[in-house]
Ligand SMILES: Cc1cc2nc3c(=O)[nH]c(=O)nc-3n(C[C@H](O)[C@H](O)[C@H](O)COP(=O)(O)OP(=O)(O)OC[C@H]3O[C@@H](n4cnc5c(N)ncnc54)[C@H](O)[C@@H]3O)c2cc1C
């Protein structure tokens, strides 16, 4: 890109917010998985919707590729330049971080795209409401990124994923036009749902600048327990039992393997083995009650007693305080991070129908151990909604590069097995650049064709995050 062209973009946001220096740009290029390393000539940090609009209008006029970025915690390389390119500009929405309106009566909050998820939790708490989207990255991911990836997290079982938590959007289109769809209606059957097209589009159709989010009453009671058990089959039986006992009060049901507990206790300061004995598997059960703390406690007690009577679990512990509830969740939420201390890992964010989880895992384990007998399988995740992070750590002491060289071969095997069980190759992280070709290979040609036609209709110049999700038609 010429200096003149970069100067034109910089003039829109001012030199202070047009980062060109390698040291300033570096943090925007380092993504959590450490897979993508391409460069950008400039990071633009607009401070208003109008500046976003001017940037996109100029990008369309000049054919300049724009990569939207929010908190830069995405797992599929959607928020960083496409591998093999050096001329895509990053548009960071982080400075658009205002809370525009809070409506305690309508239970809604209108927020800008750069609001950090944890700040939204705090703002909802100030009016005694909650926003239930909950992710391990919530201290740094931003709502524009959550919406654009349709993030899942730990409360999907009860509240759905981000799509279900959003009522309206404001979006800047690639032409620079602004679509103001900040409606807060729960019922609105008036034509095609444009909002749902932008949610989960991973920045390929436009830049989300603001959203109306749904808030919920804070539950009067909340309880968390961890139980040790023998197998994923037993975990599934406990899930069914908990659903029967608790109905909509069951807010989380997470599966963790023994190796995960060992890694997180070994590498994350403050984490402790939750039970006195060792168990091959663990489940974390989270229950909320709209009535009282006593009601949440009683439900948890009943679930665990039934599970013990039916010999589904070997042991269990119920949190005795809010601090302990947070400790239990921390054990689960630091699993991924703890894995980094054990060398390289090959990861899969897959989902299968809940009833098939145990059979999927047993088939996947066999396939992995046939290929790599010493690999350390570390499958954990949101069992309640069928989403397993089927991760595999390198054999202890192995060469990480040699191990990672087999990544694609193992990915293919695991994705094939998930698909055989009627599952998905991306449960909650999206497609980005990582899974684009795989998506094209597994979806019906008509689906890919429709996606391309939508892309072309919204972004005829092809400037919005090109190369992500779907390739342009040849
Ligand atoms: C420790 C950890 C735990 C995680 N746990 C979970 C989990 O439980 N569930 C889950 O779903 N994910 C999880 N993730 C992945 C990640 O946090 C989510 O995908 C999150 O929603 C990304 O938000 P972000 O603000 O970081 O977006 P980014 O990474 O910056 O961007 C993600 C995508 O959205 C696009 N985008 C960003 N902002 C906009 C915008 N304003 N308009 C249009 N497009 C935009 C980008 O181009 C990119 O394609 C985890 C990540 C980490 C590091």
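Numbering (my numbering), first residue to last: 11 to 484. Where is the CB? At the ideal position from N, CA and C, for every residue including glycine.
- In terms of residue numbering, what span does the alpha helix (DSSP H) encompassing residue 25 cover? From DSSP, residue 25 is part of no alpha helix (DSSP H); its letter is neither H nor E.
- In chain order, each alpha helix (DSSP H) run of at least 4 residues that lies wholly inside the segment 316-344: The qualifying runs are 332-343.
- Task: Along the alpha helix (DSSP H) that carries residue 413, what are the first and last residues, could you check?
- Result: Per DSSP, residue 413 belongs to the alpha helix (DSSP H) from 410-414.
- What is the rounded straight-line gap between the Cα of residue 4 and the Cα of residue 283? The question about residue 4 has no answer, for the chain in this structure spans 11 to 484.
- Item | Helix, strand or coil at residue 348 [DSSP, three-state] | Judged by DSSP in its simplified three-state form, residue 348 adopts helix.
- In whole angstroms, what is the alpha-carbon distance linking residue 339 and residue 427? One C-alpha to the other measures close to 29 Å.
- CB of residue 208 within 7 Å of CB of residue 181, strictly: Cβ atoms of residue 208 and residue 181: closer than 7 Å.
- Where do the ends of the beta strand (DSSP E) carrying residue 267 lie? Where residue 267 is concerned, the enclosing beta strand (DSSP E) starts and stops at 260-267.
- Return yes when the Cβ of residue 478 is within less than 7 Å of the Cβ of residue 212, no when it is not. Cβ distance < 7 Å, so residue 212 and residue 478 count as in contact.
- Query: Can the beta-carbon of residue 258 be found closer than 7 Å to that of residue 302?
  - Reply: No.
- Task: Tell me whether residue 203 is buried or exposed, calling it buried when 16 or more other Cβ atoms sit within 10 Å of its Cβ.
- Result: Exposed: under 16 other Cβ atoms inside 10 Å.
- Message: Quick check: what's the CA-CA separation for residue 431 versus residue 366?
- Response: The alpha-carbon atoms of residue 431 and residue 366 are separated by roughly 7 Å.
- My guess is that residue 271 and residue 341 are in contact by the Cβ rule of under 8 Å, so how many angstroms apart are they, rounded? That pair is a contact at about 7 Å.
- My understanding is that residue 22 touches residue 64, with C-beta atoms under 8 Å, so please give their C-beta distance in whole angstroms. Sure, about 5 Å apart at Cβ, within 8 Å.
- Item | Cα-Cα separation between residue 59 and residue 470, rounded to whole angstroms | If you draw a straight line from the Cα of residue 59 to the Cα of residue 470, it comes to about 21 Å.
- Item | Check: residue 147 C-beta below 6 Å from any heavy atom of ligand 1 | Indeed, a heavy atom of ligand 1 lies less than 6 Å from the Cβ.
- Query: Just to check, is the beta-carbon of residue 212 closer than 6 Å to a non-hydrogen atom of ligand 1?
  - Reply: Checking the Cβ of residue 212 against ligand 1 gives yes.
- Task: Tell me residue 434's beta-bridge partners as DSSP assigns them.
- Result: In DSSP, residue 434 forms a bridge with 361.
- Out of 49, 169, 276, point me to the one whose CA is closest to residue 33's CA. For residue 33, the nearest C-alpha among the options comes from 49.
- Task: Identify whether residue 145 lies in helix, strand or coil by the three-state DSSP scheme.
- Result: Residue state, collapsed to three classes: coil.
- Message: ligand 1 and residue 103: does any heavy atom of the ligand fall closer than 6 Å to the residue's C-beta?
- Response: Residue 103 Cβ: within cutoff of ligand 1.
- Query: alpha helix (DSSP H) containing residue 106: first to last residue?
  - Reply: Element bounds for residue 106: n/a, residue is neither H nor E.
- Is the beta carbon of residue 479 within less than 6 Å of some heavy atom of ligand 1? Proximity of the beta carbon of residue 479 to ligand 1 is not indicated: no heavy atom of the ligand is located closer than 6 Å.
- Message: Would the segment 157-168 count as touching the segment 248-262 if we require 3 or more Cβ pairs under 8 Å?
- Response: The segment 157-168 vs the segment 248-262: in contact.
- Task: Less than 8 Å between the CB atoms is what I'm expecting for residue 445 and residue 434, so what's the real figure, rounded?
- Result: Here residue 445 is actually not in contact with residue 434; their C-beta atoms are around 10 Å apart, not less than 8 Å.
- Item | Stretch pair the segment 186-198 + the segment 103-120: three plus CB contacts closer than 8 Å | Verdict: yes, contact present.
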